[in-house]
Amino acid sequence: MLNFLARRLAQIVPTLFFVSVLIFSLQQLLPGDPALVMAGEERDPNVIEQIRHQYRLDRPVPVQYAYWIKGVLSGDFGESLRNKMPVRELIAQKLPVTLQLGSMAIIIAFLIGIPAGIIAAVKKGTAWDYGANFFALWGISTPNFWLGIMLIFLFSIELGWLPASGYVPLTENWRASLAATIMPAFVLGNAIAAVLMRHTRSAMLQVLESDYVRTARAKGLSERTVILKHAMRNALTPIITLGALELGTLLSGAVLTEQIFSIPGFGKLIVDAVFNRDYAVVQGVVLVTATIYITLNLVADVAYILVNPRLRG
Amino acid sequence: MTDAALSGPHVQADELDSPARRARRRLFKRKAAVFGLIVLTMFIFVAVLAPLIVPYDPIATSWSLVRKPPTAAHWFGTDELGRDILSRIVYGARASLLAGLISVAIALGIGVPLGLLAGYRGGFVDALISRITDAMLACPFLILAIALAAFLGPSLGNAMIAIGISATPVFIRLTRGQVLSVKAEDYVEAARALGNPPWRIAFSHILPNILPALLVQATLSIAAAIIAEAALSFLGLGQQPPAPSWGSMLNAAQRFLTQAPWMAIWPGLAIFLVVLSLNLLGDGLRDALDPRQR
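Laid out in C-alpha cells, this is it:
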C-alpha cells in the first residue's frame, strides 16, 4: 500500500509540472504583443511598458515561467487585472459556491443514477430497463445549458416556483440557498446520473451472474436480500470511485450552468475572466481545477484499494 | 459424413465475409444505431444543401417581424431581430457539423501519430508523451477548450482548434493502449522480421488494426465536440454574429425567454438530436466492431 502510494505520488509530480507548463504556455498563444492585449483599452505607452515589466514580458520565456511557477508554489497566482484582487482570494471566494453546487449535483446524480441502474439490471429487458436506458441516453445527449434554460422557463417563468437566477449562501438562509441551487444542481447532476446509471447497470448485471449470488439464491434467501445485501454491495464499490472521476464533467458543466443561473462560482469566474481578458485569473482557475482533479483521482485510487481487499498487497 | 463436415461450408461463408461487411451487417441489425444514422444523414443533407433549402436569408433582419411565434410563413417563428429561425437552424447545422468534424480531425491528426509513437517506441518518448497526456487530461475538457479559445481569440475557426486540441489526449491514450496490445502480435513480429522500417510497421500494420477502436471514439468525440462548440458559441467564444450557430441562438433565446420561449426550443432540440444520433451510432459501432461479439 505504502509502495503504491509512493509510486502514485511520484507520478503526480511530473504531471503537475506539465500541467503548469501547459497553462503557462497558454499565454504564448495570445496574438501579438501580450502586454498590448493585457492593457486592453489602455493605449498609454507608459502603462504598457509597466505591464510588460510587471509581468516580466521583457524577459525570456523560461525565465518568465520560473518566476511564475515560483509564485504559484507559494500560493501567489498573480492579481486580477480587472479588480486588482489577488487571484488566490478570488478563487477562495468562489470555490465554496461551486463546492456546494457540485456536492448537491453529486448527491442528485447518485440518488437517480444508482437506483435506476439497479432496477434496470434486475429487470433487464423489461420496460423499466428500456426506460432507464432511454433516460441515460437523454442525459448524455442533452446539452446542460439547454436543459437549464428549459427548466428556468418551466419552473421560474411558467410556474413561478423557483428563482430563475442568483445565489444565497447556505449559512445565510438555507431555504433560499437550496431554492436557488436545486435547479442548477439538477442540471449538473443529470449528465452524471446518466453515466452512473450505465455503469451501475453493467456492474450489477455482472454481479448477478456470479457464483455467490447463485449460492445466496440457492440458500433460499429472498430476492430482495440477495439484491440489496449480496449483489449491490459488491457492484457499487467501483461505482463510488467513479463519482470522483466524474469531477471533470462536473467542473466543465459548472461553467455553463453557473453562467445560465448567474451563480457567482468558479465557472462564472473563469467566464468573466475570459471576457475581461483577465488572463491571470483564467490560468489560476485552470491550474486549481487540474490540481483538484489530480488529487481526487489519487484519493479515488487509494479508496478503491482500501475497499477492495484483494488489491491490498 | 459428420455433423461438423456438414456445417463446414456454412461456417466458412461467415469466415470468408470481410470484417467490414460483417460489422456493417451487425450495425444495421441495431435499430437504435440505424435511427442515429438516419437522423444524422438528414442533418448532413440539410447542412450541405442549406442554400437550397432555407425559406429565408438567415441573416436578413426585419423590424416588422421581431419575435413572432411560429406561423405558416415562419414555421419555427422569428428571433429578436426578426430573422427566420428555421433558416438559422439550417445554417447552424453547417457550423455545428463542421465544428464537430474538423475538431475531431485535428484531434485525430495530432493524437494518432503521437499515440503510435509513444506506444511503438516506448522508453523516454513514451514517458514524455504520456505525462503530457496526463497533464492535458487533468484539465476538464470544456475548461481547457474555453481557456484555449480565450487565448486564441473568439472565432469559429479558433473554437475548432481549441476543441480539437482539448480532445487530443483521449486519442493519444487510446492509440497508445491499442498499439501496446497489438505490438506483440505475430503479424507485427513478422513485419519486423521482414525488415520493415518502424514507421511502416506503425502505419501499415498496426494502424489498420486499431481503426475500429478509433472510429468508435471519433464518433463519440464528434458528439462531444458539437456540444463543446455550442457551449463556446453560447459563451460568445465560437461563431460570431450575425452568422448563425445553435449555441449563440440559445444565448439570445435566454435573454428573451419570457417573451419568446420558442426561440429556446429549436436550437436545443437540434443539438440534442444530432448528439443523440451520434451517441447511438457510436454505441452501435462499438457493439458491431467488437470482435468478442461474433
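As you go down the protein sequences, you meet chains A and B in turn.
What the first sequence shows, in the numbering used here, is residues 1170 to 1482, in sequence order.
What the second sequence shows, in the numbering used here, is residues 407 to 700, in sequence order.
Glycine included, every Cβ here is placed at the ideal spot set by N, Cα and C.
Source: prediction; values computed, not measured.
(message) Which complete alpha helix (DSSP H) runs does the segment 578–639 of chain B hold, if anything under 4 residues is left out?
(response) Taking only runs of at least 4 residues, the alpha helix (DSSP H) segments lying wholly in the segment 578–639 of chain B are 592–599.
(request) At 9 Å on the CB atoms, spell out the chain B contacts of Gln1428/A, in chain order. (result) Your numbering for residue 1428/A matches position 259 in the first sequence. Phe640, Leu641, listed in chain order.
(message) For the segment 648–661 of chain B, list every residue whose C-beta sits within 7 Å of some C-beta in chain A, in sequence order.
(response) Leu656, Ala659, Gln660
(message) Does the CB of Ala1168/A have a neighbour CB from chain B at under 8 Å?
(response) With chain A covering only 1170 through 1482, there is no way to say anything about residue 1168/A.
(request) Report the three-state DSSP secondary structure of Ser413/B (helix, strand or coil). (result) For the purposes of this step, residue 413/B is taken as the residue at position 7 of the second sequence. Confidence is the limiting factor: at Ser413/B the pLDDT is only 46, short of 50, which leaves the residue's position unreliable, though a coordinate-based value still follows. The answer is coil: DSSP assigns Ser413/B none of H, G, I, E or B.
(request) Taking all protein chains shown into account, decide if Tyr497/B is buried (16 or more other Cβ within 10 angstroms of its Cβ) or exposed. (result) As a position in the second sequence, residue 497/B is number 91, starting the count at 1. With 16 or more Cβ atoms within 10 Å of its Cβ, Tyr497/B is classed as buried.
(request) Could you pull out every residue in the same chain whose Cβ sits closer than 6 Å to the Cβ of Asn1403/A, ignoring the five residues on either side in sequence? (result) The residue given as residue 1403/A occupies position 234 in the first sequence. Taken in chain order, the residues that qualify are Val1376.
(message) Does the contact criterion of 3 or more C-beta pairs under 8 Å hold for the segment 481–499 of chain B versus the segment 519–532 of chain B?
(response) Touching, no, given that fewer than three Cβ pairs across the two stretches are closer than 8 Å.
(request) Kindly identify the DSSP beta-bridge partner or partners of Glu1211/A. (result) If you number the first sequence from 1, residue 1211/A lands on position 42. Per DSSP, Glu1211/A has no beta-bridge partner at all.
(message) Am I right that Leu684/B and Ile628/B are in contact with their C-beta atoms under 8 Å? What's the rounded C-beta distance?
(response) Sequence index remark: in the second sequence, residue 684/B carries index 278 (1-based). Sequence index remark: in the second sequence, residue 628/B carries index 222 (1-based). So it is a contact: roughly 6 Å between Cβ atoms.
(request) For Asp540/B, decide whether its Cβ has a neighbour in chain A, counting only Cβ atoms nearer than 8 Å. (result) For the purposes of this step, residue 540/B is identified with residue 134 of the second sequence, where counting begins at 1. Chain A, which has a Cβ nearer than 8 Å to the Cβ of Asp540/B, makes this yes.
(message) When you compare the CB of Ile1439/A with every CB in chain B, is at least one pair closer than 8 Å?
(response) Position 270 of the first sequence, counting from 1, holds the residue named residue 1439/A. Judged by the 8 Å Cβ criterion, Ile1439/A is in contact with chain B.
(message) Let me make sure I understand the geometry here. Which of Phe1187/A, Leu1339/A, Ile1351/A has the alpha-carbon closest to that of Leu1331/A?
(response) Reading the first sequence from its first residue, position 162 is the one you call residue 1331/A. Of Phe1187/A, Leu1339/A, Ile1351/A, the residue nearest in Cα terms is Ile1351/A.
(message) On the criterion of 16 or more Cβ atoms from any shown chain inside 10 Å, does Val1395/A qualify as buried, or is it exposed?
(response) Reading the first sequence from its first residue, position 226 is the one you call residue 1395/A. Flag for Val1395/A reads buried.
(message) Using beta carbons (cut-off 8 Å, strictly below), is Thr1184/A in contact with chain B?
(response) Sequence index remark: in the first sequence, residue 1184/A carries index 15 (1-based). Cβ-Cβ to chain B under 8 Å: yes for Thr1184/A.
(message) Determine whether the beta carbon atoms of Ser1272/A and Ile549/B lie at a separation below 8 Å.
(response) Position 103 of the first sequence, counted from the first residue, corresponds to residue 1272/A. Position 143 of the second sequence, counted from the first residue, corresponds to residue 549/B. No, these two residues do not count as a Cβ contact at 8 Å.
(message) Any C-beta of chain B within less than 7 Å: which residues of the segment 1349–1369 of chain A qualify?
(response) none
(message) I need the straight-line Cα distance from Thr574/B to Gly517/B, nearest angstrom please.
(response) Residue mapping note: residue 574/B aligns to position 168 of the second sequence, counting from 1. Residue mapping note: residue 517/B aligns to position 111 of the second sequence, counting from 1. Rounded to whole angstroms, Thr574/B to Gly517/B spans 5 Å at the Cα level.
(message) Counting C-beta neighbours from all protein chains within 10 Å, is the total for Glu1327/A 16 or more, i.e. buried, or is it exposed?
(response) Mapped onto the first sequence, residue 1327/A falls at position 158. Classification of Glu1327/A: exposed, given that the 10 Å Cβ count is below 16.
(message) Can you tell me where the alpha helix (DSSP H) holding Glu1415/A begins and where it ends?
(response) Reading the first sequence from its first residue, position 246 is the one you call residue 1415/A. Per DSSP, Glu1415/A belongs to no alpha helix (DSSP H) and is neither H nor E.
(request) Tell me whether Asp485/B sits in a helix, a strand or coil according to DSSP, three-state version. (result) Locating residue 485/B in the second sequence gives position 79, where the first residue counts as 1. Coil at Asp485/B, not helix or strand.
(message) With the cut-off set at 8 Å, would you say Ser1346/A and Pro1338/A are in Cβ contact?
(response) Translated into positions along the first sequence, residue 1346/A becomes position 177. Translated into positions along the first sequence, residue 1338/A becomes position 169. Against a cut-off of 8 Å, the Cβ pair of Pro1338/A and Ser1346/A comes out as a contact.
(request) Quick one: grab the DSSP three-state call for Pro1255/A. (result) On the first sequence, position 86 is the one that residue 1255/A refers to. Note: Pro1255/A maps to strand in three-state DSSP.
(request) Figure out for me which residue from Ala1372/A, His1399/A, Met1373/A has the closest Cα to the Cα of Ala1385/A. (result) Counted from its first residue, the first sequence places residue 1385/A at position 216. The option with the nearest alpha carbon to Ala1385/A is His1399/A.
(message) Is Ile1220/A close to chain B? Criterion is C-beta to C-beta, closer than 8 Å.
(response) Position 51 of the first sequence, counting from 1, holds the residue named residue 1220/A. False, the Cβ-Cβ gap to chain B never drops below 8 Å.
(message) Using only the alpha-carbon positions, how far apart do Arg1383/A and Leu1390/A sit?
(response) Translated into the one-based positions of the first sequence, residue 1383/A becomes position 214. Translated into the one-based positions of the first sequence, residue 1390/A becomes position 221. Going from the Cα of Arg1383/A to the Cα of Leu1390/A covers about 10 Å.
(request) Mind checking which residues open and close the alpha helix (DSSP H) that includes Ile495/B? (result) As a position in the second sequence, residue 495/B is number 89, starting the count at 1. From DSSP, the alpha helix (DSSP H) with Ile495/B extends over 491–527.
(message) Suppose contacts are defined by Cβ-Cβ distances below 8 Å. Is Ile495/B in contact with Ala659/B by that definition?
(response) Taking the first residue of the second sequence as position 1, residue 495/B is located at position 89. Taking the first residue of the second sequence as position 1, residue 659/B is located at position 253. Taking 8 Å as the Cβ cut-off, Ile495/B and Ala659/B do not qualify as a contacting pair.
(request) With DSSP collapsed to three states, give me the class of Glu1248/A. (result) Position 79 of the first sequence holds residue 1248/A. Per DSSP, reduced to three states, the secondary structure at Glu1248/A is strand.
(message) Please tell me whether Gly1282/A and Ile1361/A are closer than 8 Å, where the distance is taken between their beta carbons.
(response) Here residue 1282/A is taken as the residue at index 113 of the first sequence, counted from 1. Here residue 1361/A is taken as the residue at index 192 of the first sequence, counted from 1. Yes, they are a contact pair.
(message) Let me see if you follow: with CB-CB separation under 8 Å, is Ile495/B close to chain A or not?
(response) The residue labelled residue 495/B in the question sits at position 89 within the second sequence. No, Ile495/B does not count as interfacial toward chain A.
(request) Could you tell me which of Gly688/B, Gly690/B, Leu687/B, Phe640/B sits nearest to Pro673/B, measuring between CA atoms? (result) Residue 673/B sits at position 267 when you count from the first residue of the second sequence. Ranking Gly688/B, Gly690/B, Leu687/B, Phe640/B by Cα distance to Pro673/B puts Phe640/B first.
(request) Rank Ser502/B, Glu595/B, Ala649/B by C-alpha distance to the C-alpha of Ala630/B and give the top, closest one. (result) Mapped onto the second sequence, residue 630/B falls at position 224. Nearest C-alpha to Ala630/B: Ser502/B.
(message) Spatial neighbours of Ala1285/A within its chain, please: C-beta separation below 7 Å, excluding the five flanking residues on both sides.
(response) What you label residue 1285/A is simply residue 116 of the first sequence in a count that begins at 1. Hits under 7 Å: Ala1301, Phe1304, Met1366.
(request) Compute the Euclidean distance between the alpha carbons of Arg1194/A and Ile569/B, then round it to the nearest angstrom. (result) Taking the first residue of the first sequence as position 1, residue 1194/A is located at position 25. Taking the first residue of the second sequence as position 1, residue 569/B is located at position 163. First, the amino acid is wrong: residue 1194/A is Ser here, not Arg. Separation of Ser1194/A and Ile569/B (C-alpha to C-alpha, rounded to the nearest whole angstrom) is 17 Å.
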